[in-house]
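Before any comments, here is the structure.
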Amino acid sequence: MTKAGQGSARDAGHRSLAVLLAISLAAAGATSAPASLWNMEGLGGWVYGYDQAARAAGGTAIGVIDPFGMSPINPAQSAWATLPQAHFGYTSQRITTEASGSGSSDVSGASGVTGARVVIPLPGTLRFAAGFRSLTDGACDARLAVNPERGDGFIRQIEGTGGLNELSLGISGTLLERRSAAGVRFGLANGSLREVIEDDFVAGEFLDTRMVLRTRMENGLTWAAGVQGRPGPRLALGLYAAGGGTLDLKGQATEGTHRRYDRRAEVDIPEEFGAGLSWLATPRLRLAADWSRVGWGDVDITLKGVTRAGEERAPTRFVDTGRYGVGLTWLPGEVSPRDPLLRRSVLRAGFSLDDYYTPQMDGSVPHAWTASVGLGLPVQVDRGFLDLMLSYGRAGSLTDTGLEEASLTFGIGLTFGRLTSDY
Amino acid sequence: MRLPAALCSRFRPARSGPSAPLQAFIPRLFLALLPVLFLGCSEGTNSVFNPGTQRDDLLSTTPETLTVASASADRSYHPAFTTGSQPILTVAETDSSRAVVLLRFGALPEVAASADSALLGIRIAGGDGVGLMVEGLLVDSTSVWSEGSVLWQNRPDLDSTLVLRSYGFSPVEGDTLFEQGLLRIPREFLAAWARRPESGGLALRLERGRPGSASGYARILSREAQVFSSDGVLQHNPRLRVMRAGNDPVDVAPTADASVMLDIRAHPPGDAVVLETHGWMPARALLRFVPGEAQRIRLSGANVLRAVLSLDVAQVIGDDAVSIGVFGVGGEWSEEAVADSVSLSAGSDVVEIPTELSGSRALFDVGPIARRSMLAGLDSLEFQLRSTVEGMDAGGVVFHSREASDSLRRPSLLLIISRPPEPRWGEGQGQ
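Protein chains in written order, with our numbering: chain A, 1014 to 1436; chain B, -11 to 419.
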């Protein structure tokens, strides 16, 4: 093949990718309905800080040393970046829900931005990182019949959106002649959970209602610190810890322009810590494992303005959660810019186990497992990756928690390095 | 160009791995499926709910019922309103009300200058009473009135001189008074109108103050009513037929007409009858419910899902069912006085009350009014009832008021409310 022909083939490959990406994002953008019922609980579903590449590999990043790693879970990971980089993550989800007793199942969809992040090399070995990501996800959707056997029965529709987000800045650097790295991150947690609750009464003499329940979460300060090291040529380890102060909560219920109530509280941001390792089993096969624990069981809520003393400590029903993930990454072999795009791609697969921090009323804790695969497509060989992720998972069980969700999730992560005009 | 291995750990020299065809096939399969899989995440509505949710108030919402057992205030009243555009005008003289008809003939002065006499013709559209007599007075020439705004309170001054008086009659629909020449406007008054061209108004009232004078009312067709003669000619009502010697008579139609009314009833606090819709003069009822302290606490922050006003029917007047509408109230009022500014706001319900409902309760759906009041943060819920055919002789309804000796016959209000779900962190923890 001539050089011109090779260039033309590469261009065609890039155009195909661009078209596929556009179609996918357009399709995903059209599906804005929220999904998981467990996102209704607490402050929304907890989101671990993994990028789409790490999610595809079973949610493993704590101990993975990767110049294009953009997972914020371990702030030390950005120390290995060699280029200025920008990352953008997006997921779209399809969830099938079954509940005991109802004898029915239903399907809903969800999509949204999971985060964005930039890493900029500073003089020397330091790296600066800034990012935005979701800490919790409040997207939910339900339609249920209330008091169906009575004259005042109604259909209640609930649509939840929003979540808690973190805007963070971090610094990291390599140590000991690039055998290890350390990093810290500080952030501001803010967000809003919004639920629109519509009651449509079956009997015509009752007035339908439409209420908006809004939970504002403000002024939360977060921190994270992590280290990574290479004790051997093929082995890497990582540790991280994260936490924060308290988060101001404002709960408001409004109907039209009328405020039904306005309540305040404070909640602790949970402490989180974890460890991970990665092992380059062969020059092209990397195995990795992560373990994390989030201390939701120690989280208390302080209710404001409910007693003469002004506040009242109220224990929550939250429980500590653990997460385990294992994954493998199949790296491309010897490559050159002349190789076809797909031959230069990275293949990933993984499996993870997770808990929800919001148990059911009977105390049973929903457990979840997720199996994932992914594909990393290089951008101009060495300037970034388009990471595609596909996962299937199940959460809860009809026998233990009375609710079971099966989710099919697609994710797109775009990581670009060397953001200059030569693109 | 070979990539430096140190640049990216993902690029390593190949030693083992999937075969080249497989390395290419898996990504192709992934890419091919991608749009389909994204499209599969279509929007949907979940009809399954988490049975073990910690936010069980989302699941087990039960509407609460509150009953406000009796009204805090109620009364009936005759509203002040303009009649200029109505097809019916009223003259009345009763123990409880008084009404005067105003007529203005814009072209009269020119015609009157050469007139010998004139006959006033009015067509009766109903009424009540025996031996009624209509009197005519001149309207003071300096007074200005508009049929679109004239009320008893701003009516024009009347000249005390009586210019006409009818014979005694009992109102029968279709009868025409005066035109037969039984009464006529004397020539000297026509001449006086001619000298004062800015004048031209007449006021009609029922004779009063004379011992034995009859009490009642008569309704007459206004200039807005169209009546055709047997040969299809449009007839003016009322009309003034001006006679001139040696000439054909000339009919003059009024350029403005209206009736102004005065409620002269004494309204003791706690009127025993809260609504009368019978008779010539529209009557309306006002009711105010103020929830008690405990009820107010329960209402605080709640949604009104349904509100039912329950009134006990004391009497249905007339042979047919009567339609009563319920409205919100605009303006201040008390049991002692109702300002002219009291007005109707948006309506909520219309109930057809048949004659056989006497002694039973009539239920009005006032949910929208109650919800608006609650949303506006009002402490009280106020309602106004009126006949939907107000101003017509369509019978009426008398309801028991809050002073009814039998407490079960007093007005009451039923409220069904619901509460918004607790905040996400709340489980009713002392909030």
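Glycine included, C-beta positions come from ideal geometry on N, C-alpha and C.
The structure displayed is predicted, hence computed values, not measured ones.
Query                                                                                                                                        : Result
Near-chain B residues of the stretch 1406 to 1424 of chain A (beta-carbon distance less than 8 angstroms), N- to C-terminal order            : Thr1414, Gly1415, Leu1416, Leu1421, Phe1423
Alpha-carbon to alpha-carbon, B:Ala358 and B:Arg407                                                                                          : 15 angstroms
Chain-ordered neighbours of B:Gly355 on chain A, where CB pairs are closer than 8 angstroms                                                  : Glu1218, Phe1219, Leu1220
Closest residue to B:Ala364 among B:Val339, B:Ser288, B:Val330, B:Val386 (Cα-Cα distance)                                                    : B:Ser288
Inter-stretch contact at 8 angstroms, needing at least 3 Cβ pairs: the stretch 1376 to 1392 of chain A / the stretch 1406 to 1413 of chain A : yes
B:Pro411 at chain A interface by Cβ criterion, 9 angstroms                                                                                   : yes
Segment limits, alpha helix (DSSP H) that includes B:Glu281                                                                                  : 281 to 287
Span of the alpha helix (DSSP H) around A:Ile1282                                                                                            : Unbroken run through A:Ile1282: none, as it is neither H nor E.
Candidates A:Ala1069, A:Ala1094, A:His1100, A:Leu1050: closest to A:Phe1398 by CA position                                                   : A:His1100
Sequence-distant residues of the same chain with beta carbon closer than 6 angstroms to A:Ala1294, five excluded per side                    : Leu1300
First and last residue of the uninterrupted beta strand (DSSP E) at B:Leu402                                                                 : 400 to 406
Between the CA atoms of A:Tyr1274 and A:Ala1074 - distance to the nearest angstrom                                                           : 43 angstroms
Closest residue to A:Leu1220 among B:Glu370, B:Pro399, B:Pro356 (Cα-Cα distance)                                                             : B:Pro356
Proximal chain B residues relative to A:Gly1269, where beta-carbon distance stays under 9 angstroms                                          : Leu363
Element boundaries [beta strand (DSSP E), containing B:Ser217]                                                                               : Segment: none, B:Ser217 is in no beta strand (DSSP E) and carries neither H nor E.
Per-residue contacts from B:Asn291 into chain A (C-beta, under 9 angstroms)                                                                  : Asp1212, Leu1220, Thr1222, Met1224, Glu1268, Arg1273
C-alpha distance - B:Arg412 paired with A:Leu1096, whole-angstrom precision                                                                  : 43 angstroms
Rounded C-alpha distance that separates B:Ala213 from B:Asn225                                                                               : 7 angstroms
Beta-carbon proximity list for A:Trp1309, same chain, < 7 angstroms, skipping 5 on both sides                                                : Pro1283, Phe1331, Val1332, Asp1333, Thr1334, Tyr1370
Extent of the continuous beta strand (DSSP E) to which B:Met249 belongs                                                                      : 244 to 251
A:Ala1238, buried or exposed, once every other Cβ within 10 Å from all chains shown has been counted against 16                              : buried
Alpha-carbon to alpha-carbon, A:Ala1089 and A:Leu1006                                                                                        : An answer regarding residue 1006 of chain A cannot be provided, because it is not within the stretch 1014 to 1436 covered by chain A.
Neighbour-count burial assignment, B:Asp145, 16 or more Cβ in a 10 Å radius                                                                  : exposed
Residue from A:Gly1183, A:Met1230, A:Thr1110, A:Asp1400 with nearest C-alpha to A:Leu1135                                                    : A:Gly1183
Test: B:Pro279 CB closer than 9 angstroms to a CB of chain A                                                                                 : no
Option nearest B:Phe93 by Cα separation, candidates B:Ser134, B:Asp83, B:Ala350, B:Leu369                                                    : B:Ser134
9 angstroms Cβ cutoff, B:Ile285 in contact with chain A                                                                                      : no
Proximity below 9 angstroms, CB of B:Arg193 to CB of B:Leu108                                                                                : no
Where A:Val1280 meets chain B, residues with beta-carbon distance less than 7 angstroms                                                      : Trp413
Sufficient close CB pairs (3 or more, under 8 angstroms) joining the stretch 334 to 345 of chain B to the stretch 296 to 313 of chain B      : yes
Where the beta strand (DSSP E) containing A:Ser1305 begins and where it ends                                                                 : 1298 to 1307
A:Pro1161 in three-state terms, based on DSSP                                                                                                : coil
Reference A:Leu1252, options A:Arg1297, A:Ser1305, A:Gly1233, A:Ser1105, closest by Cα                                                       : A:Ser1305
Chain-order list of residues whose beta-carbon lies under 6 angstroms from that of B:Pro1 (same chain, five-residue window excluded)         : The predicted model places B:Pro1 with a pLDDT of 38, which falls under 50 and marks its position as unreliable, so this point remains unresolved.
Within chain A, the residues that B:Arg359 reaches when beta carbons sit closer than 7 angstroms                                             : Leu1220
A:Gly1102 and A:Asp1150 closer than 9 angstroms at C-beta                                                                                    : no
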